[in-house]
Amino acid sequence: IGLDLGARTPEETALSIAAEIVAVRRGGSGVPLTGAHTPIHHDSSGQPLASVA
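Numbering (full-length UniProt numbering), first residue to last: 1 to 53.
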């Protein structure tokens, strides 16, 4: 249970479990966003939102 975050404390373990719950409920992959080349946020219709940098 939980995402592999390298948790070492009970608080970090709780965070990894909460993160997995959110990922499952919202359809997230749990894959790191580092290096992502596609939009990560979508509107309610499922369309990607423009990013602002």
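Every residue gets a Cβ at the ideal spot worked out from N, C-alpha and C, and that includes glycine.
For Ile21, collect the residues of the same chain with a Cβ closer than 6 Å to its Cβ; drop the 5 residues on either side in sequence, then sort them by chain order.
Excluding positions up to five away in sequence, the list is empty.
Can you tell me where the alpha helix (DSSP H) with Arg25 in it begins and where it stops?
It spans Pro10 to Arg26 - the alpha helix (DSSP H) in which Arg25 sits, taken as one unbroken run.
By Cβ distance, which residues of its chain are closer than 6 Å to Ile12, with the 5 residues on each side in sequence left out?
Sequence check: residue 12 is Glu here, not Ile. Nothing meets the Cβ criterion.
What does the alpha-carbon distance come out to for the pair Asp4 and Ile17?
Roughly 9 Å between the two C-alpha positions.
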